[in-house]
Amino acid sequence: MAMSLKKITAIAVGGAMVASTLATGVAAAEVVKVNEGDIKEFMKNVVKDGKPNVDIVVGSKGAAMDVVAAADIAAKIGSMCYKDVKIEDGLAELSISVSADSELSKNLISDYNVSDEIILFVTPRRSYKTNLGKVDTLEGLVEINTSKAVVDEEIARLSTLTKDSDADPDDVSDDTKADAIEFLLGVVYKENNESFKIEGKDLVYGTLMFGDGGKSISELQELYIGMEIPLLGEIYRIVDTDEKEIYLGKEVYSGKVKEGKIIDVGNGYQVKIESVLVALDNPNINKPEVTVEIIKDGKVVETKSDEIPYEFVYKDIGVIVYSTYTDVPSDHGYASIIVTKNVKGYEIGKPFEGDWKLYAITKKNNALEITKKDFKEEKKAKTKYLENKDGKIYGLALRYEGDDFKNLEDGDTVDFIYDYAMIEFTDDDEDNALFARYKTEISKDVTLEIGKKVEILNAKLKLKDIKATAQQVVPVKTPVAKLDTEASLDTDKYLILVGGPVVNKLTEELQKQGKINIDNNSPPTLVVVDGKILVVAGGDRYKTRKAALELIKNY
Numbered sequence: 001m002a003m004s005l006k007k008i009t010a011i012a013v014g015g016a017m018v019a020s021t022l023a024t025g026v027a028a029a030e031v032v033k034v035n036e037g038d039i040k041e042f043m044k045n046v047v048k049d050g051k052p053n054v055d056i057v058v059g060s061k062g063a064a065m066d067v068v069a070a071a072d073i074a075a076k077i078g079s080m081c082y083k084d085v086k087i088e089d090g091l092a093e094l095s096i097s098v099s100a101d102s103e104l105s106k107n108l109i110s111d112y113n114v115s116d117e118i119i120l121f122v123t124p125r126r127s128y129k130t131n132l133g134k135v136d137t138l139e140g141l142v143e144i145n146t147s148k149a150v151v152d153e154e155i156a157r158l159s160t161l162t163k164d165s166d167a168d169p170d171d172v173s174d175d176t177k178a179d180a181i182e183f184l185l186g187v188v189y190k191e192n193n194e195s196f197k198i199e200g201k202d203l204v205y206g207t208l209m210f211g212d213g214g215k216s217i218s219e220l221q222e223l224y225i226g227m228e229i230p231l232l233g234e235i236y237r238i239v240d241t242d243e244k245e246i247y248l249g250k251e252v253y254s255g256k257v258k259e260g261k262i263i264d265v266g267n268g269y270q271v272k273i274e275s276v277l278v279a280l281d282n283p284n285i286n287k288p289e290v291t292v293e294i295i296k297d298g299k300v301v302e303t304k305s306d307e308i309p310y311e312f313v314y315k316d317i318g319v320i321v322y323s324t325y326t327d328v329p330s331d332h333g334y335a336s337i338i339v340t341k342n343v344k345g346y347e348i349g350k351p352f353e354g355d356w357k358l359y360a361i362t363k364k365n366n367a368l369e370i371t372k373k374d375f376k377e378e379k380k381a382k383t384k385y386l387e388n389k390d391g392k393i394y395g396l397a398l399r400y401e402g403d404d405f406k407n408l409e410d411g412d413t414v415d416f417i418y419d420y421a422m423i424e425f426t427d428d429d430e431d432n433a434l435f436a437r438y439k440t441e442i443s444k445d446v447t448l449e450i451g452k453k454v455e456i457l458n459a460k461l462k463l464k465d466i467k468a469t470a471q472q473v474v475p476v477k478t479p480v481a482k483l484d485t486e487a488s489l490d491t492d493k494y495l496i497l498v499g500g501p502v503v504n505k506l507t508e509e510l511q512k513q514g515k516i517n518i519d520n521n522s523p524p525t526l527v528v529v530d531g532k533i534l535v536v537a538g539g540d541r542y543k544t545r546k547a548a549l550e551l552i553k554n555y
């Protein structure tokens, strides 16, 4: 070669020094930019966290002009690494605090009879209490004597309880806009006018899913894999189940993904849609198959390939694949996926925390019931809905099964799990009176990324911007320039290939695979392959040079 790779590095480190001279005839042909949007998207990824995220590969048979083109591209990318810091992505750690009170109950002393079992039931909206607040509806969640039970009509709403108005944002179920709510339930036993208690198994936190706009038990919606569900003030995705456990995780990404695309999960992990195989003939017989890879620090650590829909969990990462598409020419496949992190399995019928056990909620006729029987998954719509031998699953419940709370009086409180809420007893400064009400005084920490939304404690938050002024002094960093004999297409790095198939072996491989078409008569060309490879080439060295200058100038 006329110029060594050491020389390439020297040119690049010298700064954004782009050669200004062209050989005669270079400007004659217009540059062909295949799918310009792909080129722009590619260039957004060549620098990550202020460092190069790409290798530049020049053909070992390339002319000096190809080497100069590679050096100029390296300098361009190096200059992109040396800028005033503009906060386009970042994290903000916030502490969210909320407090609220429900209405006061009726007077437990004067308005109820001795031996009454007083049900205190509260929801995010009064309309849910109106529809669900009946002894026959609630009896299966607690252990009560229905002949003595009575629902307090005054307590109805606690504003901090979550109402998720679109718990199926990806339309994985038949009802494409399901609603999910939280509720609290406690039973106060009146032994006499001076003795009140709450027994074990009579304190419940729960979540329920409804069809869009539904509020009654007849309008409940079964849970589906991929749906959102509130749990103690935060929104989770239902990732998977096995016989005993339900797996919940925090959403990282949901939507349609082109094969080859990589999604960052954090902590060095990525999820890649490796391939999407869609049958063009007999799609009802030959079902689409999607291959997903879990990558850790650039290495594939897990691969899952199956017919859709399917879901799987690797460590604390969850992936749900529920649909596929192809573009109009049928050149590229797309998969609809949901990616989650911090996935954890919770065993039904077992302690969730301390004396609180986790149950699923089913219904029998017009009554809600808790159940701890094994899960089954039934295929319906785009993913699977949850059920067991008692029927379809409509929600989750955490029930207290510890010691009784006895001798409750003015000033006493009974706490729910993790102090998420409490029942407070007060005389409200009245004689011969005792009232109950629900209260929340809770704080949660949340980390927000710019542009991302999060729902927590019934509040919807979006971090629009981080206001900051900063200048970071960093050395100029340039990508590593390699010969084609030292590089491979089988890499997790982004690649820029300089030179056509005659001079660059990697470009030649793409040509043989039918992914590009460059010959001696081709104009200056910029084309992205599989989202991670940019070919900078032309029919000769002059056209390759012009393609490189187009990239440097306009991207």
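For the sequence shown, UniProt numbering assigns the number 1 to the initial residue and increments by one for each residue that follows. Note that CB positions come from ideal geometry on N, CA and C, so glycine has one too. Values in this document were obtained by computation on a predicted structure and should not be read as measured data.
(message) Once DSSP output is grouped into helix, strand and coil, what is the label at residue 227?
(response) coil
(request) Would you tell me roughly how many angstroms separate the C-alpha atoms of residue 486 and residue 506, rounded to the nearest one? (result) 10 Å
(request) Round the Cβ separation of residue 326 and residue 290 to the nearest angstrom and send it over; I've been treating them as touching at under 8 Å. (result) With a Cβ gap of about 12 Å, residue 326 and residue 290 do not count as contacting.
(message) Quick check: what's the CA-CA separation for residue 424 versus residue 407?
(response) 13 Å
(message) Taking the alpha-carbon of residue 549 as reference, which of 524, 108 and 539 has the nearest alpha-carbon?
(response) Considering only 524, 108 and 539, the residue with the shortest C-alpha distance to residue 549 is 524.
(message) Please report the distance separating the alpha-carbon of residue 391 from that of residue 410.
(response) 42 Å
(request) Using 10 angstroms around the beta-carbon of residue 300, count the other beta-carbons present and answer buried if the total reaches 16, otherwise exposed. (result) Burial call: exposed.
(message) Looking at the secondary structure, which residues open and close the alpha helix (DSSP H) in which residue 404 lies?
(response) Unbroken run through residue 404: none, as it is neither H nor E.
(request) Select from 436, 322, 536 and 164 the residue whose C-alpha is nearest the C-alpha of residue 101. (result) 436
(request) Take residue 293 and list the residues in its own chain whose beta-carbon comes closer than 6 Å to its own, dropping the five residues that flank it on each side. (result) 272, 274, 300 and 303
(message) Per the DSSP calculation, residue 192 is bridged to which residue(s)?
(response) 195
(message) Are the CB atoms of residue 359 and residue 208 within a distance shorter than 7 Å?
(response) no
(request) Can you say whether residue 255 is buried or exposed, counting buried as having 16 or more other CB atoms within 10 angstroms of its CB? (result) exposed
(message) With a threshold of 7 Å on Cβ separation, who are the neighbours of residue 48 within its own chain once the five nearest residues in sequence on each side are excluded?
(response) none
(request) Would you kindly report the start and end of the unbroken beta strand (DSSP E) that includes residue 237? (result) 234-241
(message) Let's see if you can read the secondary structure: which residues bound the alpha helix (DSSP H) around residue 79?
(response) 64-80
(request) Give every residue of the same chain whose Cβ lies closer than 6 Å to the Cβ of residue 278, excluding the five residues on either side of it in the sequence, and list them in chain order. (result) 288, 324, 326 and 333
(request) Label residue 190 either buried or exposed according to how many other C-beta atoms from any shown protein chain fall within 10 Å of its C-beta, with 16 as the threshold for buried. (result) buried
(message) For the structure I just gave you, are there three or more beta carbon pairs, one from the segment 196-204 and one from the segment 243-254, closer than 8 Å?
(response) no
(request) Could you check which residue in 265, 195, 160 and 152 has the C-alpha nearest to that of residue 124? (result) 160
(message) My output table needs one value for residue 361: the three-state DSSP class, helix, strand or coil.
(response) In the structure shown, residue 361 sits in a strand (DSSP, three-state: E or B).
(message) Contact defined as beta carbons within less than 8 Å: I believe residue 180 pairs with residue 170. What is the distance between those atoms, to the nearest angstrom?
(response) No, residue 180 and residue 170 are not in contact; Cβ-Cβ is about 14 Å, not under 8 Å.
(request) Could you pull out every residue in the same chain whose Cβ sits closer than 8 Å to the Cβ of residue 114, ignoring the five residues on either side in sequence? (result) 190, 191, 192 and 193, listed in sequence order.
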